[in-house]
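First up is the structure itself, then whatever we jot down about it.
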């Protein structure tokens, strides 16, 4: 979890209020006094989630008490991306006067089929991790989807158009979160939930909440993330005997987000309870055909197929890393059998967990190999991963010799001075 300047002040303030010296905190937490001193003085620019968690446990506070939002650093964006974001900002936050929202005129009429085709193309770019291209396609796509809603001539047409609009906001928010444009992402999430509510589609609304939980987690709003996930999961919880796979998958993903927030906030028992519930849901629908609701345009079965026993295993790896149990994380990793059902971003994020665990176990060769593979295979995605920067920071800090050229290149690519 990346460190803001406020973290050092909070750490020192809480430590002093407990009557502890830096050496006392070292003894209680297992975190070196050198690291504690650097954090408090602001000299250390990043820290692992597991490190913050150890400190919070030793101080008997929640992890979120140690920092203020937003804990994720916003990485520098290319000027071309800034320009693309300006157009997207105008679309998400249009001019609104007394006469209502003022939107640019479209070149011609739109149809459900044409907007759906545009959505599928844009969604394909997202799955290829080409976020700059996605950002370029979103403004005209949102204009078309809004126009489709405005021009609906029946209740069925309006519901179909609203469903498409909600999905457009949903994947727009995901791309913006990846680019760490959190204010715009929240706007897209809110609009997506509103469109889903108007379409009377609770599951689609829940998938927009999914993004909200992710956003809150990125901002360090751990309790907000947990609460949003749990309240939504309770609202759409399926009957265990009659629920369909789409309902179980949506419910299960929300439990995983709640669990992810809890484990980061020193609520290990709660995290394990929610992970257990999600595991039961995954086994309940294992092997069953996963079909998306009929009106869902692009996510299709792949939206839900990722919710599986395999996903539960890789989340267990993630939680072990967060808890500082790197050896246990690698042990669980050895038992994971890829099914090909996970989304690319989920697989890549999982590999960063494995790289982090190897780094913590001083398996530097294995860790660098994973980072190099991700840098080579998915540069568009890798560039914006704060977690990757934290792993590289740790590898550089722990090194006993000069960096090899290929490792220095990875650091440079992530904007890290080595």
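Numbering (our numbering), first residue to last: 408 to 825.
The beta-carbon is built from N, C-alpha and C at its ideal position, and this holds for glycine as well.
As the structure is a prediction and not an experimental result, all values here were calculated from the model.
Helix, strand or coil at residue i according to DSSP, with G and I counted as helix
i           : result
residue 761 : helix
residue 481 : Caution applies to residue 481, whose pLDDT of 43 falls short of 50 and renders its modelled position unreliable; the model cannot decide the point.
residue 546 : helix
residue 820 : helix
residue 722 : helix
residue 606 : coil
residue 588 : coil
residue 531 : helix
residue 494 : helix
residue 467 : coil
residue 415 : helix
residue 748 : coil
residue 595 : helix
residue 741 : helix
residue 755 : helix
residue 517 : coil
residue 768 : coil
residue 538 : helix
residue 425 : coil
residue 811 : coil
residue 801 : helix
residue 628 : coil
residue 461 : helix
residue 734 : helix
residue 795 : helix
residue 828 : Residue 828 is absent from the structure shown; the chain starts at 408 and stops at 825.
Bridge partners - residue i, DSSP secondary structure assignment
i           : result
residue 502 : 509
Residue i, enclosing alpha helix (DSSP H) - first and last residue
i           : result
residue 577 : 562-585
residue 618 : 609-625
residue 806 : Counting along the chain, residue 806 falls outside any alpha helix (DSSP H), and DSSP gives it neither H nor E.
residue 433 : 429-436
residue 714 : That residue, residue 714, is in no alpha helix (DSSP H); it is neither H nor E in DSSP.
residue 774 : 771-784
residue 828 : Residue 828 lies beyond the range of the chain shown here (408 to 825); nothing can be said about it.
Distance between residue j and residue i (C-alpha atoms, nearest Å)
i           : j           : result
residue 560 : residue 524 : 21 Å
residue 516 : residue 568 : 14 Å
residue 755 : residue 781 : 7 Å
residue 443 : residue 550 : 50 Å
residue 662 : residue 597 : 21 Å
residue 803 : residue 783 : 20 Å
residue 470 : residue 658 : 26 Å
residue 731 : residue 464 : 12 Å
residue 547 : residue 611 : 22 Å
residue 667 : residue 691 : 21 Å
residue 639 : residue 507 : 31 Å
residue 881 : residue 630 : Any property of residue 881 remains undetermined from this structure, which presents the chain solely from 408 to 825.
residue 458 : residue 767 : 11 Å
residue 411 : residue 643 : Below a pLDDT of 50, predicted positions are generally treated as unreliable, and residue 411, at 43, falls in that range; the measurement from the model is reported next regardless. Spanning the two alpha carbons is a distance of roughly 36 Å.
residue 555 : residue 603 : 15 Å
residue 772 : residue 814 : 10 Å
residue 578 : residue 798 : 27 Å
residue 818 : residue 770 : 18 Å
residue 553 : residue 572 : 7 Å
residue 654 : residue 494 : 36 Å
Chain D contact for residue i (CB, 8 Å cutoff)
i           : result
residue 662 : In summary, chain D is missing from the structure at hand, where a single protein chain is found.
(request) At 4 residues or longer, and completely inside the region 638-708: list those alpha helix (DSSP H) runs for me, N to C. (result) 652-671 and 675-691
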